[in-house]
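Under this note's numbering, the first residue of the sequence shown is numbered 757, with each subsequent residue one higher.
A virtual CB, placed ideally from N, CA and C, is assigned to each residue, including glycine.
Only one structure is covered here, and it is reproduced in the block below.
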Amino acid sequence: MKMSKSIALLVIMLLAVTAVFATGAKEIAYPERDISAIVPFGQGGGTDVWGRKVMEAMAKELGVAITVTNVTGGSAGSIGISQVWTSPHDGYVLAATSETPLTIPVTTPITQTSKDWDYFIAAGSPGLLCVNAKVAAARGIDTLDKLAAYGKKSELKIAGTTGGLWFALASLVSDKNYGNWPFTWVSYGGSGPPILATVGGIDADLVVASAGEVKDYIRSGQLIPLAHMDTAAYTFTAAAAPIAIPAITKAIPGIAKYLPLQQWLGFKVPADTPADVKAKLASAFKAAMAQPDMTQFAKDQIAVIFNKSGAEAKAMAQKSESNLCWILFDLGKTTYSPAERGIAKP
């Protein structure tokens, strides 16, 4: 009788262990359902365009649909990024991103830094300072030299994304210790809206954005590129004829020590997402970036492909975070110190 009870107990234990392993196997299967991706900025900017392209390509590899939604608002896209952070860290809610959200911990009460995220970096495009063509004609500022000599810069409005790379560059141009070009800054949630506002001459005269984001308006003659936001000149070859664009340091040499500041685009997940899920995402990302049409897409977007994930992408994000957050802090543009957020100096 005791033997029968012992055997029965052993069978029950074996069944229980089997059930646990079966449940565990089911829990780590990924993906079992469709995935959501949040773009923290408006439609039409680099984060949106690249986020949608990468998600479309990854969906083919993962065998599920990836629904992309724009959730705008907050400094540097903080509302959309927070929505991802407060969702379960299981790989079913991804954050399309650029370098801009790296400034969230110094411009908002949110404390997560790049240490708390893992990155998948697809590509990036050169930064340009552009002027509305009609404004350029009316004010005689159709070249960088003419803009530098223009005596009424305080009457000009420059637009860009709230926080982040373009804000940092515009701040350096305007700061009295560097460019001392007293533009009025007009902030938007993403690159698409400020470009449209400048093209339409609605709220801004100039815009700082990536070449990929403004290419169509340069081709159409609605925007004139005045400066490459770097230390070297740049040739824009996506127009009917090549356009030579001087480096911003030609007019403002003092900001050279902060450059280059690189735009990059891709997506991220919380760092405590299960390792096997991140491995699946990394595999799908690499395969997506290797798809035949991705190279042409990057060319069309005037972008350089980075194709980074894992430790390499993390290091790139942390370097950008350090540069951007400390630049903004030094210019008095932050609410919190990078040091108190644990962000090392460059």
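If we ignore side chains and look at the alpha-carbon of each, how far apart do residue i and residue j end up?
i: V1060; j: P865; result: 33 angstroms
i: K871; j: A1027; result: 7 angstroms
i: P1102; j: A996; result: 40 angstroms
i: D1084; j: A1100; result: Going by the sequence as given, residue 1084 is Leu instead of Asp. In a straight line, the C-alpha of L1084 is about 14 angstroms away from that of A1100.
i: G801; j: D1032; result: 31 angstroms
i: G1098; j: Y944; result: 28 angstroms
i: S947; j: T918; result: 9 angstroms
i: P787; j: Y848; result: 8 angstroms
i: L1087; j: L912; result: 20 angstroms
i: A1040; j: S838; result: 24 angstroms
i: T1029; j: L1015; result: 33 angstroms
i: T993; j: S927; result: 28 angstroms
i: E817; j: Y1092; result: 41 angstroms
i: F923; j: A785; result: 41 angstroms
i: K1034; j: T940; result: 42 angstroms
i: S792; j: D846; result: 11 angstroms
Of all the options the options, which has the alpha carbon lying nearest to the alpha carbon of residue i?
i: L900; options: I1011, Y934 and P981; result: P981
i: G798; options: A1071, L1087, L1080 and A852; result: A852
i: S1065; options: L1015, G945 and W1020; result: W1020
i: A1054; options: I1008, I860, E969 and V891; result: E969
i: M985; options: K1006, G800 and N933; result: K1006
i: T863; options: I835, V805, Q978 and G883; result: I835
i: I999; options: L979, L1015 and I1008; result: L979
i: Y875; options: V1025, V929 and S966; result: V1025
i: M1050; options: R789, V805 and D790; result: V805
i: A1038; options: R808, P1002, A1069 and P1048; result: A1069
i: I1001; options: A967, K1013 and A893; result: A967
i: A989; options: A953, T1090, K932 and P882; result: P882
i: A1071; options: W841, D790 and E855; result: E855
i: G916; options: E1077, L884 and W873; result: L884
i: N888; options: P949, G880 and T954; result: T954
According to DSSP, which residues form a beta bridge with residue i?
i: W873; result: P1026
i: W941; result: I914
i: Y990; result: I1001
i: I822; result: I791
i: H845; result: According to DSSP, which records beta bridges pairwise, H845 is partnered with nothing at all.
i: A983; result: L885
i: L1021; result: S854 and A879
i: V963; result: C886 and A915
Keeping to the same chain, check which residues put their C-beta closer than 6 angstroms to that of residue i; ignore five residues upstream and five downstream.
i: V891; result: D961
i: G1022; result: F876, I877 and A878
Got a sec? Which residues, its chain only, sit under 7 angstroms from residue i by beta carbon, not counting five neighbours each side?
i: T859; result: A832, G919, G920, L1080, C1081 and L1084
Whose C-beta lies closer than 8 angstroms to the C-beta of residue i among residues of the same chain, with five residues either side of it excluded?
i: G829; result: I835, G836 and G945
i: F777; result: In this predicted model, F777 has a pLDDT of only 44, less than 50, meaning its place in the structure is not dependable enough to derive any value.
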